[in-house]
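> Residue 15 is where the sequence shown starts when you use this note's numbering, and the numbers rise one by one after that.
Please find one structure pasted underneath; my questions will follow.
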Amino acid sequence: MALIVSLSALNSHWAAFVFTLPLPLYFLISSIKQRAKNRLWYSAYADQLNQTLFSDRFSLARFLLQPNPAFRFSLILLVFSLWLSS
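Have a look at this one:
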């Protein structure tokens with residue numbers, strides 16, 4: 015998108031192109047930095063990627079004690095609506 019903006023600015027006026035040139039450069043540098051960070055993270059934690067941090071068995075208690083407040087609220091509303099309908 016930034017490249018399209020810069021190229022359309024080049025078609026209109028050369029000064030506009032000069033002022034919009036930092037946009038694609040910023041995104042290019044950001045993508046290179048992010049790729050380097052991803053590679054560093056992968057090399058640092060590659061040995062831990064195959065370890066399981068939780069058991070694969072289903073636990074009803076773990077399912078009901080989700081830390082997400084929206085999940086808890088929807089579960090409370092579901093139980094309340096079932097209680098009202100009975």
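Where a beta carbon is used, it is the ideal one built from N, C-alpha and C, also for glycine.
Nothing here was measured: the structure is a model prediction, and the numbers come from that model.
Tell me which residues share the same chain as residue 31 and place their Cβ nearer than 7 Å to its Cβ, disregarding the 5 neighbours each side in the sequence.
20, 23, 24
> Taking Cβ positions, are residue 37 and residue 16 nearer each other than 8 Å?
Yes, they are a contact pair.
> By the three-class DSSP mapping on this structure, what secondary structure does residue 86 have?
helix
> DSSP state of residue 73, grouped into three classes?
Three-state DSSP puts residue 73 in coil, outside helix and strand.
> Considering just the uninterrupted stretch of the alpha helix (DSSP H) at residue 44, what are its terminal residues?
36–59
> Tell me whether residue 100 sits in a helix, a strand or coil according to DSSP, three-state version.
Three-state DSSP puts residue 100 in coil, outside helix and strand.
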